[in-house]
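Just so we're on the same page, our numbering is the position in the sequence shown counted from 1, plus 1217.
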Amino acid sequence: MLLTLLTSGCHDGDKGSLWDENIVRFQVDVETDPNGRGGYNVEPDWCVLMLPENNRVMQDIPLVIYCHSGGGTVSSSGSEPENNDFTRYFVSRGCAVLCTAGMPESYSERLQVDHTRCLGNPVSVRSVIKAYDYIKELFYNIDFSRCVVYCNSNGGLTASSLVNHTSIPILAQGGLCPLISIEKNVWEKLGYKTGLIRLFGMKSGSYEKDKVGKYDPYVYNTHSEVPYRCPYLIIQPKRDRFVSYDIAVQFADIMNKKGSEIIVIDTDEVGGHNVVPQPVIIGSYSYMGKNYPLNKTVDDMYLFFCKYLRRTDAE
């Protein structure tokens, strides 16, 4: 399953040691369904695992699965989470962070779609499963029973499908402006319709619910008789012009009546649809030897996860 393994600081093709660095880049083979018409191919997708400093002497490291926003990706030379305040802060507090590109470049090139916008398609879910299974075989000091998922924007669709359709023991989900529905959030958005048609194998310009199926979280969960599998904190500003605050509240209301624990918070700290929180600084943190300002929204998300990761260092 593993095609390439690089540790930060090693030359391309040099295997190195998994424990030499705090950034591990690797590829997994992912089954892709070309244009939804059958005949699976197997194509490589880039993944990154960010590890806390001194990870070699640490035990029971909790895992955060990060589903990145549209425009973000993972490659052999860098990734969105390495430049993201949320994920850097999680690592600085002792968590490991796993992120995948979610769409092999060869696959996106063949379909002629933006490889940074996964749009919740099944390949993005398969990629996370493959990456999760791979690191589970190697990293004995990660506690895979203490796993949460964090998502930005576009990544909300993949994150919810991980909760809904995998056996990964996800204890909680948190999202900043997360997409909740393919049909309600993105189908009519300029530049997204063509990608959705090609990724889900639709044959006309009309939305085909049967092709999207269970990968629209709003439809899948609101039509289910069971509660959402884990607590979910949604930070969603009302003035977001891309993701509707009202849809998030409606989703939470419907699901909470089924016994779910979904919280929607509006915040003035996040301006519009912005996956980078605006500066309300409450302190600082250190990551990879550098100091960064600590944003309140970032800390709030971490404290939410701490409740379910059974951490004792949340202050």
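Cβ atoms here follow ideal geometry from the backbone N, Cα and C, with glycine treated the same way.
Nearest neighbour of V1259 by Cα position, chosen from R1334, P1298, Q1244, turns out to be Q1244.
Counting of Cβ neighbours within 10 angstroms places Y1257 among the exposed residues, the total staying below 16. A direct Cα-to-Cα measurement between F1307 and A1318 gives close to 19 Å. Here the region 1474 to 1481 makes contact with the region 1441 to 1454; the two share three or more CB pairs at distances below 8 Å. In the DSSP assignment, C1523 falls within the unbroken alpha helix (DSSP H) covering 1513 to 1526. DSSP links P1510 through a beta bridge to S1501. Proximity of the region 1353 to 1362 to the region 1316 to 1331 falls short of the contact definition, fewer than three beta-carbon pairs being nearer than 8 Å.
Excluding the 5 residues flanking it on each side, N1371 has same chain C-beta neighbours closer than 7 Å at S1286, G1287, R1334, C1335, L1336, L1396, in chain order.
If one requires a minimum length of 4 residues, the alpha helix (DSSP H) runs lying completely within the region 1332 to 1368 are 1339 to 1355, in chain order. As for any beta strand (DSSP E) of minimum length 3 sitting wholly inside the region 1442 to 1496, the runs are 1449 to 1452, 1479 to 1482, ordered along the chain.
In chain order, M1267, V1281, Y1283, P1298, T1304, F1307, V1308 place their CB closer than 6 Å to the CB of V1314, counting only its own chain and leaving out the 5 sequence neighbours on each side. A Cβ-Cβ contact shorter than 8 Å links I1387 with C1447. Linking K1353 to L1520 through their CA atoms gives a straight-line distance of about 25 Å. When the five nearest sequence neighbours on each side are left out, the beta carbons in the same chain lying within less than 7 Å of the beta carbon of Y1504 are those of R1305, V1308, S1309, in order along the chain.
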